[in-house]
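Participant:
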Amino acid sequence: MSLLHLAIISPFLFAIFVPFVFKYFRQLHTGWFVLILPVLLFIYFFSFISITSAEETVTKTISWIPSLGIDFTVKVDGLALLFALLITGIGSLVVLYSVYYLQKDKEQLNNFYVYLLLFMGAMLGVVLSDNLIVLYTFWEFTSFSSFLLIGYWYKREKSRYGAQKSMLITVFGGLSMLGGIILLYLMTGTFSMSEIIQQTNGIITHHLFIPAMLCILLGALTKSAQFPFHIWLPDAMEAPTPVSAYLHSATMVKAGIYLVARMSPVFAETALWVWLVAGFGIITLFWGSFSAVKQTDLKGILAFSTISQLGMIMTLLGIGGAALHFDSVKDSYYTVATVAAVFHLINHATFKGALFMVVGIVDHETGTRDIRKLGGLMPFMPITFTVAIIGTFSMAGLPPFNGFLSKEMFFTAMVRVLNMDILNMETIGILFPVIAWIASVFTFVYSMIIVFKTFTGKLQPEKLKKKPHEAPIGMLIPPIVLASLVLAIGFFPNVLANTIIAPAVAAIMPDFTVDVHISFWHGFTPELLMTFGVIAIGFLLYKTYPKWRAVYKIFPEKLSLNHLYDDALTNTERGSRRLTNSILTGSSRTYLLYLFVFFIIMLGSTLFIKDAFTFNTSNISSIHIAEVILAVGICIVAISILFVKSRLTSIILLGAVGYSVSLFFVIYRAPDLALTQLVIETISVALFLLCFYHLPKLKKREERISFKLTNALISVGVGAIVILIGLSAHSNKLFESISHYYIENTYKEAAGKNMVNVILVDFRGLDTMFEITVLAIAAIGIFGLIKLRQQGGKKTENK
């Protein structure tokens, strides 16, 4: 196993020891133990920068299921390394922050850090896996572990609701993505992304290409909370703030972004991919920023701002994909959108992570996140205020912060859309810069609301649960580090240009020449004028917000996506309950009726449709009079059971049928089977007698057997289908019987003379073991039910 594989697996291995550390080292906060791993992983992945900067990749493979083409292949290129550094770097700061945010004597820290490590390992698996099946495995594991993290405070109804919502939506998208992966395999014969990218030209005209693209894109849109699947992310804010800072700034929601970026070389040459990615992105950008303004909870504002920023990155990836249509021109002019997407992905992780931590500090030190109760905190929390200023101004796209640079590049990409003479961009493409500018105005507004509604104005101590004060230094260090990165990247952006950004862009657009150079001043360009307009109109809307906020009341709550989701979930549950109640009546006869009718219809129709019934008498041995007499006798005894009035007589007749069958084995010279049948029949009769002894006597009306046509038809139908299948199976010899193999190898391979026993114990040993296991589980279940009933009876007597 290589170090790369170990880096992915290490969080899972580390999680094993967390409960023991929590239990036996209670005086030590468990977070200090967990912090070691992400720091070491960040240092390890940082060492790959020199390799990816030279546009080289590192690939390591472990064979997993070679017969299906599934190998655990890990590939580190510029894009994978960028995400790995974000996962481990932001992860380290989040763990440090959580040490001071979560109190060791009041929280189940063992659960929290186990969930966090599982999620970290799953995210590393997603971004480093080259095999799509392995990637999907980790992808669904991120949904599972994020479900646990969001529902960490499981006693809160909103936490459970948010966890369920995120799970349902993202797993739905994940299953769709799995369908797309399978379709890609059918087209290419491989699950390797590297090999699929090399076959792009050969599959682009395949009839499964578009369905595969739609399925994979659906998985990405649900994961990255794109409209209309964005509704899960605001409810996920019920998680502890360290979780929100990690999942929703740098990791989980970026998984969909990663998938779109990684699959762009495969799908981006189709117009549908460009329009869908860019279209969903620009709608999400606007809707997220517009919705964020009306929120009153600080984490709610950040949730919708995250949705908006993700839409911005998705739009850039879509427009960047359009550049692949310029086959004759491969220069940096057409890569600006992709460069902006990668750059803003980094910037968003820094300023959004810092802002989530700021909100956590405000909540931790005041007891509320409601901006209607906050205000005037700047004198009490000057350091937190400073970090908030840096984070919000960067998010608003103001200089000299890193958000300004990537936002200017975003505007540049939107303006250049008008110069593209493909995909009708020169006409309908005008909507992109217009919507982008409007969304940026609302981004400016909610950014100002976050910082000024919280830290300026009048203090309202009577509305606060705690007396406000600055957070402990340990809780301040992580947001300060992120705020420092916001400033450092803003002043020295080209430090990342050829070390992080260019290799990532080269992985997304492998055929393009990537020359990344970022600077503040480009002269008086349309982008700069758009920024001036954003600041002017945004400031005006912020100051006049009370006068126009009634616009949000225009949209009725009943038409909201959340309301539609709740209604769909409620109706599904109600319909499922009704269907279940109508089927599960508690009657064994009803259940047998379902089974036998299904048996008759499915197998009977299969025989008819496939014309599978055949009757060949050439290989049937002769039938003697003794066999006929025995068969007739068995039928008479079996029918007689229906008309006897005594349970004891019924048991005796049923045993007679079983004993008579054993005579067939004697006639056909199978004494071992005859002995087995005799033993089983004896045990069955004894158990029946034991059970029926305790049953009450039959009532007069129960002694009368009434004829039921339904029962008769089903009985005859099942019998007829079994006979037809038996005759057809005997008449169709598609291959030579395997019995000769057992005859030749029973003694030679297994050293046994009883062929049946050898088959059960050796040749089919696993089947036998599982059958015994099932019986053991059933026995334990029955024993448990009996014990529960006995205990229930005792409690009733005591009462």
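Take the sequence shown: its letter number 637 is residue 637 in full-length UniProt numbering, and every next letter is one higher. We put the CB at the ideal spot given by N, CA and C, even for glycine. Given the structure is predicted, the values throughout are model-derived calculations rather than measurements.
1. Compute the beta-carbon to beta-carbon distance between Ile583 and Val486, rounded to the nearest angstrom, for a pair I have assumed lies under 8 Å.
2. Distance, Cα to Cα, Tyr167 vs Thr251?
3. Below 8 Å, can you find three or more Cβ-Cβ pairs linking the stretch 217 to 226 to the stretch 64 to 77?
4. In three-state DSSP terms, what is Asn131?
5. Using the rule of at least 16 other Cβ atoms within 10 Å of the residue's Cβ for burial, across every protein chain shown, is Gln103 buried or exposed?
6. Using the C-alpha atoms, what's the distance from Phe444 back to Leu482?
7. Hey, could you find the ends of the beta strand (DSSP E) Phe72 is sitting in?
8. Is the separation between the beta-carbon of Ser145 and that of Gly151 shorter than 8 Å?
9. Pull up the distance between the alpha-carbon of Ser650 and that of Val722, whole angstroms please.
10. Could you please give the first and the last residue of the uninterrupted beta strand (DSSP E) stretch that includes Ile384?
11. Since I believe Thr284 is in contact with Phe227 (beta carbons under 8 Å), could you give me their beta-carbon distance rounded to a whole number of angstroms?
12. Is the stretch 354 to 371 in contact with the stretch 515 to 525, if contact means three or more CB pairs nearer than 8 Å?
13. Helix, strand or coil for Thr580 per DSSP?
14. Only counting runs of 4 or more residues, tell me where the alpha helix (DSSP H) segments fall wholly within the UniProt domain "MrpA C-terminal/MbhE" (710 to 787), in order along the chain.
15. Between the C-alpha atoms of Ala413 and Val39, what's the straight-line distance to the nearest angstrom?
16. So, with DSSP's three-state summary, where would you put Val342?
17. For a test of the three-state rule: what should DSSP assign to Asp370, helix, strand or coil?
18. Between Pro242, Met187, Thr368 and Gly604, which has its C-alpha nearest Val95's C-alpha?
19. Examine the Cβ distances between the stretch 281 to 299 and the stretch 519 to 535 and report whether three or more of them are shorter than 8 Å.
20. Identify every residue that forms a DSSP beta bridge with Thr61.
21. Straight-line CA distance for Ser50 to Pro503?
22. DSSP state of Ser159, grouped into three classes?
23. Taking buried to mean at least 16 other C-beta atoms within 10 Å of its own C-beta, is His694 buried or exposed?
24. Under DSSP, the alpha helix (DSSP H) around Leu529 begins and ends at which residues?
25. Looking at the secondary structure, which residues open and close the alpha helix (DSSP H) in which Lys254 lies?
26. Determine the burial state of Gln27: buried for a count of at least 16 other Cβ atoms within 10 Å of its Cβ, exposed for fewer.
27. What's the C-alpha gap between Met237 and Gly300?
28. Compute the beta-carbon to beta-carbon distance between Ala337 and Leu310, rounded to the nearest angstrom, for a pair I have assumed lies under 8 Å.
29. Is Asp327 helix, strand or coil by DSSP?
30. From the DSSP output, in three-state form, read off Ser50 for me.
31. Do Ala255 and Lys223 count as a contact pair if the criterion is CB distance below 8 Å?
32. Under the three-state reduction of DSSP, which class applies to Glu566: helix, strand or coil?
33. Taking 7 Å as the line, does the beta carbon of Asp297 fall inside it for any heavy atom of the ligand SAH?
34. Just checking my contact of Ala349 with Ile90 at CB under 8 Å: how many whole Å lie between their CB atoms?
35. Just mark Met448 as buried or exposed, buried being the case when its beta carbon has 16 or more other beta carbons within 10 Å.
36. Take Pro468 and list the residues in its own chain whose beta-carbon comes closer than 7 Å to its own, dropping the five residues that flank it on each side.
Facilitator: According to the structure data:
1. Rounded, the Cβ-Cβ distance is 59 Å, inconsistent with contact.
2. Looking at the sequence itself, residue 167 is Met, so the reference to Tyr does not match. Our two residues, Met167 and Thr251, have alpha carbons roughly 16 Å apart in a direct line.
3. Short answer: they don't touch.
4. Asn131 carries a strand assignment under DSSP once its states are collapsed to helix, strand and coil.
5. In the assembly as shown, Gln103 is an exposed residue. Its beta-carbon has fewer than 16 other beta-carbons within 10 Å.
6. Going by the C-alpha atoms only, they are around 20 Å apart.
7. For Phe72, the enclosing beta strand (DSSP E) begins and ends at Ile70 to Val76.
8. Contact: no.
9. Computed Cα separation, rounded: 24 Å.
10. Residue 384 is actually Thr in this sequence, not Ile. Counting along the chain, Thr384 falls outside any beta strand (DSSP E), though it belongs to the alpha helix (DSSP H) covering Pro382 to Ala396.
11. Between Thr284 and Phe227 the Cβ distance is about 4 Å, and since that is below 8 Å, they are a contact.
12. Output reads no: the stretch 515 to 525 does not touch the stretch 354 to 371.
13. It is helical.
14. DSSP runs (the alpha helix (DSSP H)) wholly in the UniProt domain "MrpA C-terminal/MbhE" (710 to 787): 739 to 750 and 755 to 758.
15. The alpha-carbon atoms of Ala413 and Val39 are separated by roughly 36 Å.
16. Val342: helix per DSSP, three-state reduction.
17. It is a strand residue.
18. Ranking Pro242, Met187, Thr368 and Gly604 by CA distance to the CA of Val95 puts Pro242 first.
19. Flag = no, the stretch 281 to 299 and the stretch 519 to 535 do not touch.
20. Per DSSP, Thr73.
21. Cα to Cα, the separation comes out at about 10 Å.
22. Helix, per DSSP.
23. In this structure His694 is exposed. Its beta-carbon is surrounded by fewer than 16 other beta-carbon atoms within 10 angstroms.
24. If you look at Leu529, you'll find it in the alpha helix (DSSP H) that goes Pro526 to Lys543.
25. Start and end: Met252 to Phe267.
26. By the 10 Å Cβ count, Gln27 comes out exposed.
27. Roughly 7 Å separates the two Cα atoms.
28. With a Cβ gap of about 15 Å, Ala337 and Leu310 do not count as contacting.
29. At Asp327 the pLDDT is 48, less than 50, meaning the model places this residue with poor confidence; the figure from the coordinates comes in the next sentence. If DSSP states are grouped into helix, strand and coil, Asp327 belongs with coil.
30. Taken through DSSP and simplified to helix, strand or coil, Ser50 comes out as helix.
31. Yes. Within cutoff.
32. Note on identity: in this sequence residue 566 is Asp, with Glu being the wrong assignment. DSSP places Asp566 in helix when its eight states are reduced to three.
33. In the structure on display, the ligand SAH does not appear, and there are no ligands present to speak of.
34. 6 Å between Cβ atoms; contact.
35. Looking at its Cβ environment, which holds 16 or more other Cβ atoms inside 10 Å, Met448 is buried.
36. Correct list, in chain order: Glu365, Thr366, Leu377, Phe380 and Met381.
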